[in-house]
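Novice:
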Amino acid sequence: MATRHQHDVLVIGSGAAGLSLALHLPSHYRVALLSKADLNQGSTYWAQGGMAAVLHNRDTVDSHVADTLAAGAGLCRRDAVEFTVSNSRRCVEWLVEQGVDFDLRDDASNQQGQEFHLTMEGGHSHRRIIHAADRTGRAISEVLSERALAADNIEVFTHRTAVDLVVNDGRCQGAYILDQQSDHVDLFQAPAVVLATGGASKAYLYTSNPDGASGDGVAMAWRAGCRVANMEFNQFHPTCLYHPRAKSFLITEAIRGEGGKLLLPDGQRFMQNFDERGELAPRDIVARAIDHEMKRLGADCVFLDISHQSRDFLHSHFPTVMSRCDEFGIDISAEPIPVVPAAHYTCGGIVVDTHSLTDVAGLYAVGEASCTGLHGANRMASNSLLECIVFAESAAKHITDTLEHAPPPAKAAAWDESQVTDSDEDVVISHNWDELRRFMWDYVGIVRTNKRLQRALHRVQLLQAEIAEYYGNYKVGNDLLELRNLAMVAQLMIECAISRKESRGLHYTLDYPQLLPEARDTILRPDNSPL
Ligand SMILES: Cc1cc2nc3c(=O)[nH]c(=O)nc-3n(C[C@H](O)[C@H](O)[C@H](O)COP(=O)(O)OP(=O)(O)OC[C@H]3O[C@@H](n4cnc5c(N)ncnc54)[C@H](O)[C@@H]3O)c2cc1C
7 MATRHQHDVL VIGSGAAGLS LALHLPSHYR VALLSKADLN QGSTYWAQGG
57 MAAVLHNRDT VDSHVADTLA AGAGLCRRDA VEFTVSNSRR CVEWLVEQGV
107 DFDLRDDASN QQGQEFHLTM EGGHSHRRII HAADRTGRAI SEVLSERALA
157 ADNIEVFTHR TAVDLVVNDG RCQGAYILDQ QSDHVDLFQA PAVVLATGGA
207 SKAYLYTSNP DGASGDGVAM AWRAGCRVAN MEFNQFHPTC LYHPRAKSFL
257 ITEAIRGEGG KLLLPDGQRF MQNFDERGEL APRDIVARAI DHEMKRLGAD
307 CVFLDISHQS RDFLHSHFPT VMSRCDEFGI DISAEPIPVV PAAHYTCGGI
357 VVDTHSLTDV AGLYAVGEAS CTGLHGANRM ASNSLLECIV FAESAAKHIT
407 DTLEHAPPPA KAAAWDESQV TDSDEDVVIS HNWDELRRFM WDYVGIVRTN
457 KRLQRALHRV QLLQAEIAEY YGNYKVGNDL LELRNLAMVA QLMIECAISR
507 KESRGLHYTL DYPQLLPEAR DTILRPDNSP L
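Taking the working numbering, the leading residue of the sequence shown gets 7, the next gets one more, and so forth.
1. Whose C-alpha, out of Asp-432, Val-224, Pro-197, is nearest the C-alpha of Ala-209?
2. Counting along the chain, where does the beta strand (DSSP E) carrying Cys-246 start and finish?
3. Look at the alpha carbon of His-392 and the alpha carbon of Ser-188, and state the distance between them as a whole number of angstroms.
4. Measuring from the CB of Asn-389, is there a heavy atom of ligand 1 at a distance below 7 Å?
5. I think Ala-59 touches Arg-95, with their Cβ atoms under 8 Å apart; what is that distance to the nearest whole Å?
6. Between the C-alpha atoms of Asn-438 and Leu-469, what's the straight-line distance to the nearest angstrom?
7. Do you know how far the Cα of Val-67 is from the Cα of Arg-330?
8. Does any heavy atom of ligand 1 sit closer than 7 Å to the C-beta of Gly-55?
9. Answer with buried or exposed for Met-237, where buried requires no fewer than 16 other C-beta atoms within 10 angstroms of its C-beta.
10. Cutting at 7 Å between CB atoms, please list the residues of its own chain near Leu-521, excluding the five before and the five after it.
11. Within its chain, find whatever has a CB closer than 6 Å to the CB of Gly-105; leave out the 5 residues flanking it on each side and keep chain order.
12. Look at the alpha carbon of Arg-490 and the alpha carbon of Val-426, and state the distance between them as a whole number of angstroms.
13. Can Gly-48 be considered in contact with ligand 1, in the sense that its beta carbon sits closer than 7 Å to one or more heavy atoms?
14. Helix, strand or coil: which one does DSSP assign to Phe-194?
15. I need the boundaries of the beta strand (DSSP E) containing Ile-183, first residue and last residue.
16. In three-state DSSP terms, what is Gly-355?
17. On a Cα-Cα basis, can you pick out the residue from Phe-255, Thr-515, Gly-266 that is closest to Ala-287?
18. In terms of residues, what are the limits of the alpha helix (DSSP H) holding Gln-470?
19. Taking the straight line between their C-alpha atoms, what separation do you get for Asp-281 and Pro-519?
20. What are the residues that DSSP puts in a beta bridge with Phe-276?
21. Whose C-alpha, out of Arg-465, Ala-206, His-13, Thr-9, is nearest the C-alpha of Glu-441?
22. Shortest alpha-carbon distance to Tyr-480 belongs to which of His-70, Asp-430, Lys-457, Ile-296?
23. Give the DSSP-derived three-state secondary structure of His-123 in the structure shown.
24. Return yes when at least one heavy atom of ligand 1 lies under 7 Å from the C-beta of Lys-42, else no.
25. In chain order, what residues of the same chain lie with their CB nearer than 7 Å to the CB of Ala-503, ignoring the 5 residues before and after it?
26. Residues in the same chain with beta-carbon distance under 8 Å from Asp-8, minus the five sequence neighbours each way, listed in chain order, please.
27. Can you list, in chain order, the residues of its chain whose CB lies under 7 Å from that of Arg-569, leaving out five sequence neighbours each side?
28. Nearest CA to the CA of Leu-75: which residue from Arg-385, Gly-176, Ile-136, Phe-163?
29. Pick out whichever of Leu-101, Gln-241, Asp-73 has its Cα sitting closest to the Cα of Glu-88.
30. Between the C-alpha atoms of Val-332 and Leu-516, what's the straight-line distance to the nearest angstrom?
31. Identify every run of the alpha helix (DSSP H) within the segment 396-467, keeping only runs that are complete inside it and at least 4 residues long; order them along the chain.
Printed below as a string of structure tokens:
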């Protein structure tokens, strides 16, 4: 039996964004917090490096802002960057109050702002990455999940997939939610709804993201009438382990920092042909070079060789990489590691303001699902967790300030399954999943051309028609819902990429290698007219 639920705030997603938003709401609000799998299975849990914040006494807000703007290649919104960075210290303090144990300096002096151990990452001109060893996301995720589970006003629902939003008179007032255990689609109503559903990197064959990063929030917001922007800017990590059983395992860039060499299948080095810094060139250049060589040779992967270092050295510096590779029979002290680049981060998303409010009243988007203007055409390392926490707090404040004036949700119709039957051929879903992720990888990947993008557009339109037909005839399940959303989001990515006639930030096309003099966002409207 499908059920109806009524809350003050419905938060869809339990990563850093959704959890912190729920925890920032006043304790007299009744909050529903939903996740598609277990509470800790979003990208947040897997974040390794840490979170950027202005904490060092020689660092400044201006410097962090300037670095972020430079990385964003002319497309960051300055107000969003300043807003995020100037709130960074406070957000760290809030996380510490919640109980997150960030690493301290060995010689913790307790001078103001200096007690944390801060690391340096690409693009940052100061040490400003606060971290909990190489498991920062896990530390944040576990602590905030515990807090949410302990809060009397937060009702947690796991293994629930949001299907679509309920919009009434231009206001979002809830969502239809699939209960994966009962297979019923329930109705959750609330005067404020938050999409904290993470990114869409699962649109690509190779990704560092966990299952579930299927862009559900972006697709739902689009169907509900929200603008979506800058979806052509997908960040690729250069080196993910290539092995049939190794899903989504990153090989840290620090391996190249310690002298790791990239090799073609015949053992030749190639990075020096692309950049004089060789393997130490920035992330995008390395990813592009690997992609070029794989496409040129039709190779499945390239190799990363760190075998000149001793087993002891590797064990002390890269214990996680070493043990994971060992599991697959790869001894990194004796042989090169097979690697491929992998889709890592969705810079674009649902257009929001600094309150994280979307175009539809009552609907907010936070975290990787949103496009706040912070990242522009390229995300600077470790700014994403920061964005989640800063914008979650801001959205919670806006909800608190406005909720009492919001009209109570009107009675909405229950989910209607009277016209559909059980699927008779799930192979259609798995086949289309594979096809979509393969052509997105081949045609809308790291290096694009007009021809490749047109091919992808043609294919995604065919897929969309097939999926719509399937969706209209059969009962929904999690895989079908994710496929439907992925196809939608893939189309948005392709349309954004086609409309950008230049190479900027993460978008690189052989047909327009130059940068245009004016930087403009790619904004798509649901009526399909680019702004
Ligand atoms: C391997 C890896 C390493 C990274 N390292 C760093 C780093 O060091 N520093 C940094 O700043 N960033 C890093 N990132 C990026 C960062 O982790 C993410 O951008 C951030 O955690 C996203 O948080 P989120 O709350 O927006 O989404 P997520 O943490 O992805 O959570 C999404 C949530 O939404 C739920 N959900 C999705 N769809 C639905 C639906 N239809 N119905 C119900 N629930 C749904 C999911 O179940 C999940 O609970 C890394 C990412 C990866 C993958």
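For glycine and all other residues, C-beta sits at the position ideal for the given N, C-alpha and C.
Specialist: Reading off the structure:
1. Your numbering for residue 209 matches position 203 in the sequence shown. Among Asp-432, Val-224, Pro-197, the Cα nearest to that of Ala-209 is on Val-224.
2. By one-based count along the sequence shown, residue 246 stands at place 240. First-last of the beta strand (DSSP E) with Cys-246: 240-247.
3. By one-based count along the sequence shown, residue 392 stands at place 386. By one-based count along the sequence shown, residue 188 stands at place 182. The question names His, but residue 392 is Leu in the sequence shown. Between Leu-392 and Ser-188, the C-alpha separation is close to 36 Å.
4. For the purposes of this step, residue 389 is taken as the residue at position 383 of the sequence shown. Flag set: Cβ of Asn-389 near ligand 1.
5. Reading the sequence shown from its first residue, position 53 is the one you call residue 59. Reading the sequence shown from its first residue, position 89 is the one you call residue 95. Yes, Ala-59 and Arg-95 are in contact; Cβ-Cβ is about 6 Å, under 8 Å.
6. Walking along the sequence shown from the start, residue 438 turns up at place 432. Walking along the sequence shown from the start, residue 469 turns up at place 463. If you take the alpha carbons of Asn-438 and Leu-469, they lie about 7 Å apart.
7. Counted from its first residue, the sequence shown places residue 330 at position 324. Counted from its first residue, the sequence shown places residue 67 at position 61. Whole-angstrom Cα-Cα distance: 38 Å.
8. Mapped onto the sequence shown, residue 55 falls at position 49. Result yes, Cβ under 7 Å from ligand 1.
9. In the sequence shown, residue 237 corresponds to position 231, counting from 1. By the 10 Å Cβ count, Met-237 comes out buried.
10. By 1-based counting over the sequence shown, the position of residue 521 is 515. Cβ within range, chain order: Glu-508, Ser-509, Arg-510.
11. In the sequence shown, residue 105 corresponds to position 99, counting from 1. Here the set comprises Val-149.
12. For the purposes of this step, residue 490 is taken as residue 484 along the sequence shown, with counting starting at 1. For the purposes of this step, residue 426 is taken as residue 420 along the sequence shown, with counting starting at 1. C-alpha separation (whole angstroms): 16 Å.
13. For this step, residue 48 is matched to residue 42 along the sequence shown. Gly-48 Cβ: within cutoff of ligand 1.
14. Indexing the sequence shown from 1 puts residue 194 at position 188. Residue state, collapsed to three classes: strand.
15. On the sequence shown, residue 183 is found 177 positions in, with the first residue counted as 1. That run of the beta strand (DSSP E) goes 177-185.
16. Taking the sequence shown and counting its residues from 1, one reaches residue 355 at position 349. Residue state, collapsed to three classes: strand.
17. Residue numbering aside, residue 287 sits at position 281 when the sequence shown is read from its first letter. Minimum Cα distance to Ala-287 is reached at Gly-266.
18. If you number the sequence shown from 1, residue 470 lands on position 464. Taken as a continuous stretch (DSSP letters only), the alpha helix (DSSP H) holding Gln-470 covers 456-479.
19. Reading the sequence shown from its first residue, position 275 is the one you call residue 281. Reading the sequence shown from its first residue, position 513 is the one you call residue 519. Near 16 Å, if we compare the C-alpha coordinates of Pro-519 and Asp-281.
20. Mapped onto the sequence shown, residue 276 falls at position 270. Paired residues: none, contrary to the question.
21. On the sequence shown, residue 441 is found 435 positions in, with the first residue counted as 1. For the residues Arg-465, Ala-206, His-13, Thr-9, the minimum Cα distance to Glu-441 belongs to Arg-465.
22. By one-based count along the sequence shown, residue 480 stands at place 474. Selected option, being the one with the closest Cα: Asp-430.
23. Stepping through the sequence shown from its first residue, residue 123 is reached at position 117. Residue state, collapsed to three classes: coil.
24. Counting from one through the sequence shown, the residue named residue 42 turns up at place 36. Yes, the Cβ of Lys-42 comes within 7 Å of a heavy atom of ligand 1.
25. Translated into positions along the sequence shown, residue 503 becomes position 497. Result list for Ala-503: Glu-238, Val-450, Arg-454, Leu-459, His-513, in chain order.
26. The sequence position of residue 8 within the sequence shown is 2, counting from 1. Here residue 8 turns out to be Ala, not Asp, going by the sequence shown. Excluding residues within five positions, the ones whose Cβ falls inside 8 Å are His-190, Val-191, Asp-192, Leu-193, Ala-420, Trp-421.
27. This structure gives no information on residue 569, because the portion of the chain shown stretches from 7 to 537.
28. Mapped onto the sequence shown, residue 75 falls at position 69. With distances taken between Cα atoms, Leu-75 lies closest to Arg-385.
29. Sequence index remark: in the sequence shown, residue 88 carries index 82 (1-based). Of the listed residues, the one whose Cα sits closest to Glu-88 is Asp-73.
30. Residue mapping note: residue 332 aligns to position 326 of the sequence shown, counting from 1. Residue mapping note: residue 516 aligns to position 510 of the sequence shown, counting from 1. In the sequence under discussion, the amino acid at residue 332 is Asp, which differs from the Val named in the question. Near 39 Å, if we compare the C-alpha coordinates of Leu-516 and Asp-332.
31. 433-449
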